[in-house]
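> One structure, as C-alpha cells, below. Some questions next.
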Amino acid sequence: MEVNVFWQNLKEGKYNLYLVIGLGVLLFIPFLGSVGLHDPWETHYGEVARSMLTRNDYIFPYWESGYFFSKPVLLMWMMAAGMHIFGVNEWGVRFFVAVLSILCMAITYWGVSRLINKRVGLLTTFVMATSPFYLFLSKQAITDMPFVGNMTIGMVFLALGLIEKDESVPTLRSRVILTIVVLLATITQYALMINSGHMMRGLTTAAIILIVAGLIAGYFAFTRKKQYEIFLFYGYIFIGFATLAKGIGGFAIPGAIWLLYILVTGDWGILRRAMLPIGIFVFGIIAIPWYATLLSFNGRDTEGFTFYGRFFVHDHFNRLAAGVHGDRGSFEYFIQQLGFGMFPWSAIIPFAYVGALRDRILESAKEFRTILLYALWGVFGYVFFHMMITKFHHYIFPAVPGIALIVAIYIDRLLDDPERENWLTKVIIFVFFIILARDIVLDQRLLVNLFTYKYDRPFPNDAIEIWKYIAIFTIGGALIVYFYIFKKQKFAIYSYMATALAFAIFIVHVYFNLITPHYSQKYLFDTYYKMRRGNEPVAAYLMNWRGETFYSKNTVRQLKSNSETRSYADGPGRKFILVEASRYNSLKNSLSEQMRDKLRIVDRSSNKFYLTIVDPDAPTPNVKGKKPEEPAEPEQKKEIE
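Per our numbering, the very first residue in the sequence shown carries number 6; after that it's consecutive.
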C-alpha cells in the first residue's frame, strides 16, 4: 500500500522538488573538492578570499601586494566562508557556489510550477541544469554563478509578484522567513565591516545595527497585506545579491528585461505594482554599503587604479565600449557558444521560439506573460552581449535560464501532442544534434573554452578517449531514431532527455576531472610539497597564471627577468621553479653555465607547466650536448584579467 502511495505521489509531482535538489547534488557535489582550481580565475579570486582570512579584512579585497578592485565582493565572501569552514582547499573555495546553483534550480522549479505548471517547472530546471554552461559554471568558483544564480532567483520572485499577483494574506511563516533573510542579508555585511575595523567597533555599534536592521526587516515583513508583496521583496533582495556579485549588470540586465516586457505588453501598471520606492530601498541596503565604502576609499591596486578607475571605468565601460582582453566576434559569435553551451538543447532553440509565438491561443494570460518574459530574457541577453566589444564565451550565460524555459515549453507540448511537429522539423532537429555532437567529438576544447581563459592553449587530446563521446551520442541517437521510426514519439523525447543527462554526467564528472591537471597547478604543488626539504623555495619563471600564488599561499617568488633567475638559481641549496612548457629552453638558457646541467624537470604531468628543480649537489650528466625537450606550444601573451 505504501509503495502505491509513493508512486501516486511521484506521478502527482509531490516529490519533484526533492528530485530537483537530488539532480543538483548528483551533478555538482561529487568530486567538487577533489580536483584542482583552474587558472587563472578560480585561483585569482581564491587567493583574494584567502587573504581576507589572513588579513582579517573582508571589505577591501587584497591580491599579493596590493588591493584588488576588478571584481565585486560577493564571490570572495562565499569563498572565504567556505575556507573558514572547510579549510583553505578546493572544497572550501567551491562549496557555496555549488550550493547557490542548487538553490537556483530549486527556486526555478518552484516558481515556474506556480507560474505555469509542475511539469514545465521540472523541464525548465532539467534543461537549465544539464546545459554545459550551467554544469561547468556551477563547479567553477568564478563570478558567473553568483551573478546569474542570484539574478535568476530574483527574476523568478519578481515574476511571481508582478505576473502571478497572489493576493492572499501572507502566513506568519512567510513573514518570519522574510525577516530572517533581510536580517542575514544586512547584518552580515555590517558585521564584516565592524570585524575588519571599517566601522566603529564595540557592542554598542553592533546593538544599534541589530536593532535598526531588525526593525526594518520586521516592518517589511509584517506590514505587507498580500503575498505578492512578499515575493517582490525577495526579488529585490536577490537582485541586490546579483549586484554584489557582478556590478552594474546585476540590476541593469533584469531591469532592462522588465522594461522591454513593459514596452511589448503595454502594461505600465507594473511600475505601480512593483512598489519601486520601497523595492529600491531594500535593494540599496543590500547592494550599496560595500560599493559606497570602496568608492570613498583612496587606496590603489597594483597598477595604480582607484576602485572607481579599475572597477567602473576599466572593467565596465571599457569592456562594453572599447574592448578589454577576450575575443571580439560578430553576429554568430554567441550563436556558436550557445550551440555548445546548451547542447543538446541548442538544436531545439529555433523551433522552441517559433512554437512559443505560435501557440498564444493555448495559454492562459499568466502562462503567456511568463513565456513572453522568459523569451525576451533570452533575446535581450543575446543582443546585449553581442553588442559588447569584449567577448568571452561564457558572457552569454545570463541568457541561458530564459532560453531554458522556452525549450521546456516546447518539450512539454511535444509530450502532450507528439504529432504537433511535422517530420521535417524533427529531422532538422536531429541533424542539428548530429552536427553539434560531431564538432564536440572532433574538437574537445570547445567544452573547456566555455568557462576558461586563453582559448588557444594546448588541449590534452589524449586525456579522454573519443569513443566515450561516440558511445553516448551513438546510443542516444540510435534510441531516438528507433522510437521515432516505430511511432513511439514520447519515448523518442525521453531518449533525447536521457542522452542530455548522460552527456551532462560525463562532462561534469569525467571530462572536467580528466582535463583539470592541465589547467590547474595543484598537482605540481602537490609534488613540490612532497619533495621539498624544510623551507626550500619555489619560484615562477616569467609567468603570472595566479595558481602559483594561491597554492604557495603567496610565498612564490616571481622571476621577472633572466638576471633575476640566474641570481636565484646560483644561491645555496635546492630551488624549485615553475615554468611554462614553452619557456623551458628559455629558463635553461637564463641559468649560469654551471647550473644548466643541474636543472631537471620533476613533474611534467601538465601539458602547460613544468615543475623543475635546480640542485647544485646533483651529479653532472655524463651525456653532453643533449638538448632539452622542445615543447610544441608557442609563446603566449600573458595578459590575464
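Note that beta-carbon positions come from the ideal geometry of N, C-alpha and C, so glycine has one too.
Does the count of Cβ pairs from the region 225–237 and the region 180–190 closer than 8 Å reach three?
Verdict: yes, contact present.
> Can you tell me whether DSSP reads E52 as helix, strand or coil?
Of the three classes helix, strand and coil, the one that applies to E52 here is helix, per DSSP.
> From the DSSP output, which residues share a beta bridge with Y546?
Y546 is bridged to L564.
> Can you say whether S611 is buried or exposed, counting buried as having 16 or more other CB atoms within 10 angstroms of its CB?
S611 should be labelled buried.
> Helix, strand or coil: how does DSSP classify E308 here?
The answer is coil: DSSP assigns E308 none of H, G, I, E or B.
> So, helix, strand or coil for F101, using DSSP?
F101 falls in the helix class under three-state DSSP.
> In the DSSP output, which residue or residues are listed as bridge partners for V181?
Paired residue(s): none; V181 is not in a bridge.
> Quick check on the DSSP output: the beta strand (DSSP E) that includes V584 runs from which residue to which?
Taken as a continuous stretch (DSSP letters only), the beta strand (DSSP E) holding V584 covers 580–585.
> How many Å lie between V117 and F141 at the Cα?
Their backbone Cα atoms lie some 23 Å apart in a straight line.
> In angstroms, rounded to a whole number, what distance separates the CA positions of V132 and P45?
So the alpha carbons of these two residues sit roughly 29 Å apart.
> Please report the distance separating the alpha-carbon of P522 from that of V446.
If you take the alpha carbons of P522 and V446, they lie about 20 Å apart.
> Can you give me the C-alpha to C-alpha distance between L24 and G576, rounded to a whole angstrom?
C-alpha separation (whole angstroms): 60 Å.
> Can you tell me the Cα-Cα spacing of F74 and A497, whole angstroms?
Distance between the alpha carbons of F74 and A497 is about 50 Å.
> Which residues does DSSP list as the beta-bridge partners of R605?
The partner list for R605 (beta bridge, DSSP) reads I618.
> I need the straight-line Cα distance from M110 to W273, nearest angstrom please.
Their backbone Cα atoms lie some 30 Å apart in a straight line.
> By a C-beta neighbour count over all protein chains shown, 10 Å radius and 16 as the cutoff for buried, is D467 buried or exposed?
So D467 counts as exposed.
> Give every residue of the same chain whose Cβ lies closer than 7 Å to the Cβ of R571, excluding the five residues on either side of it in the sequence, and list them in chain order.
Taken in chain order, the residues that qualify are S595, L596, S597.
> Pull up the CB-CB distance for T375 and I121, whole angstroms please, since I reckon it's below 8 Å.
Contact flag correct, Cβ pair sits at about 6 Å.
> Given F345, which residues of its chain have a CB within under 8 Å of its CB, disregarding the five upstream and five downstream residues?
The answer, listed in chain order, is P137, S351, L441, D444, I445, L451, L452, L455.
> Determine contact between the region 159–168 and the region 50–64, defined as no fewer than three beta-carbon pairs at a distance below 8 Å.
Verdict: no, contact absent.
> Please determine, among Y589, M393, F36, F288, the residue with the shortest C-alpha to C-alpha distance to T617.
Nearest option by C-alpha distance: Y589.
> Do three or more CB pairs link the region 31–50 to the region 543–553 at distances below 8 Å?
Touching, per the Cβ criterion.
> W472 lies in the alpha helix (DSSP H); which residues open and close that run?
From DSSP, the alpha helix (DSSP H) with W472 extends over 471–490.
> Could you tell me the boundaries of the alpha helix (DSSP H) in which G87 lies?
Per DSSP, G87 belongs to the alpha helix (DSSP H) from 79–91.
> How would you call V174, buried or exposed, if buried means at least 16 neighbouring beta carbons within 10 angstroms?
Result: exposed.
> As a quick exercise: from F464, D461, I512, pick the residue whose alpha carbon is nearest that of F478.
Here the closest residue by C-alpha is I512.
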